[in-house]
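What follows is a short report on a single structure.
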Amino acid sequence: MSLSSGSLLRSAQLDSLNLNSWPINFGSPKLGMEIYPGESVKLDPETWNLVALSNGRFTISTEKLSPFPDSPLYDKVKDGEVIYKPFVHVIGDPIEPLYKLKRIL
């Protein structure tokens, strides 16, 4: 699925992937996050929406969480608990080269 830069990743993209059955909570300071921003995705701190930073393909992966020290999950991970969470990524479109190398000096 293709996205343009600045697109919200909250409505049509997730609906088309049949994620309606997931307990999606893009973020709450008290409850923690269910889906985390990944490559080329940022979290809007005012609306808690995930926003694409570049044009590209939309994908979701499940990854091992390594929280920052100020996270409420940090102590659990530090004590040895392994936590896996879904991350949303936008894989950027390929960049066309601006020049072609003709010879090496």
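Take 644 as the starting number for the sequence shown in the working numbering and just add one per residue. For each residue, glycine too, the CB sits at the ideal point set by N, CA and C.
- P737 and N698 have their C-alpha atoms spaced approximately 10 Å apart.
- For V720, the uninterrupted alpha helix (DSSP H) segment begins and ends at Y717 to K721.
- Approximately 6 Å separates the beta-carbon atoms of I726 and L716; this is inside 8 Å, confirming the contact.
- Rounded to the nearest whole angstrom, the C-alpha separation of G681 and L744 is 34 Å.
- A check of alpha carbon separations from H732 across L693, E689, M676 and P688 identifies L693 as the nearest.
- For F711, the number of other beta carbons within 10 angstroms of its own is below 16, and it is reported as exposed.
- Counting only the Cα atoms, V720 lies some 16 Å from M676.
- Look at S704 here: in three-state DSSP terms it is strand.
- Counting only residues of its own chain and dropping the five nearest sequence neighbours on each side, K707 has a CB closer than 8 Å to the CB of V725, I726 and Y727.
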